[in-house]
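Per my numbering, the sequence shown starts with residue 78, numbered consecutively.
Glycine included, every Cβ here is placed at the ideal spot set by N, Cα and C.
As the structure is a prediction and not an experimental result, all values here were calculated from the model.
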Amino acid sequence: MIHIKTDEEIDIMRRTCRLAAEVLLMIEPYVKPGVTTGKLNDICHDFIVSRGAIPSPLNYKGFPKSICSSVNEVICHGIPCDDRKLRNGDVVNLDITTYLDGYHGDTSRMFYVGSPRARAAKLVETCREALQLGIAAVRPGGRLGDIGAAIQKFAEGRGYSVVREFCGHGIGKNFHEEPQVLHYGRPGNGIELKKGMVFTIEPMINQGQPHLRILPDKWTAVTEDGSLSAQWEHTICVTGDGCEVLTRLDGKTPF
Ligand code: MF3
Ligand code: CO
Ligand code: CO
């Protein structure tokens, strides 16, 4: 069942989503060559807790850390660690989910470590634009498939592939709720979007083939062919005439 949020619930979700977005702003200056993802995890954890919230990933189905950090060929669910320092030219996704006043807010973005190679930057910017197009397809009376279709058409048109195994999701009192928001599909397919639905859109776009494998840690998803992968994520609310991006801080978030 898809839970339609009341105006009061959406007010609370604005706060938890704003906090998640603020974590991404706060952490940006720390994402530099030489830092470990373990250190980035600890800084984000302390910031979230200092704001009276809980990092949703911590202990979620056994996930051991407070954020996900996915470097280069890691598609998603990378576990922060202190083994390897980030290097100039790496691209990394930091995925932040906060639990505040009983509701979750979920957002992620790519960061360049030092200066990106042109090929990596093109992938990252394409993924960001794909999310933007997905968001632009959200309106009451529209269909879930409109979102996936917009993302798939754009990403594949640039010669990239869309990961199938993971999708966006409804969000609210639960980290993951119905519906599943696929990042591929056909316009007009899927359930009808209604005012008060809140869900994430979080396309994962690969430079090479769409296929993945999971590392022995049972979490880290990597591209099977070792090619780079990018992901951006926002939490969206369907409004009376379109949508509101709850994890966007106007003028401050990258888009
Ligand atoms: N934040 C991820 C998402 O966008 C989910 C992470 S689950 C975790 O849905 F356990 F790995 F944290
Ligand atoms: Co997320
Ligand atoms: Co999500």
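query, result
"Between G303, G234, M90 and P110, which lies nearest to T184 when the distance is taken from Cα to Cα?", "M90"
"If you run the structure through DSSP and keep just helix, strand and coil, what is Q257?", "strand"
"Hey, is I228 close to ligand 3, as in C-beta under 8 Å from one of its heavy atoms?", "no"
"Distance check for D302 and L289, CA to CA, integer angstroms please.", "8 Å"
"Give me the residue from Y180, R220 and V239 with the minimum Cα distance to L200.", "V239"
"Under 8 Å: does the beta carbon of C145 sit that close to some heavy atom of ligand 1?", "yes"
"Short check: CB of T316 to CB of T277, under 9 Å?", "no"
"Assuming P217 and K272 form a contact by the criterion Cβ under 8 Å, report the distance between their Cβ atoms to the nearest whole angstrom.", "5 Å"
"Do you know how far the Cα of N149 is from the Cα of D223?", "29 Å"
"Touching or not, the region 117-136 and the region 200-213, by the rule of three or more beta carbon pairs under 8 Å?", "no"
"My output table needs one value for K138: the three-state DSSP class, helix, strand or coil.", "helix"
"Below 9 Å between beta carbons: does that hold for T297 and A98?", "no"
"Cβ-heavy atom distance between D172 and ligand 2 below 8 Å?", "yes"
"For ligand 3, is there any heavy atom lying closer than 8 Å to the beta carbon of D183?", "yes"
"Identify, in the order they occur along the chain, each residue of the same chain with its Cβ nearer than 7 Å to the Cβ of P256, setting aside the five sequence neighbours on each side.", "I79, L221, G247, I268 and F276"
"In the DSSP assignment, the beta strand (DSSP E) including R92 goes from what residue to what residue?", "No beta strand (DSSP E) holds R92; the alpha helix (DSSP H) holding it covers D84 to I104."
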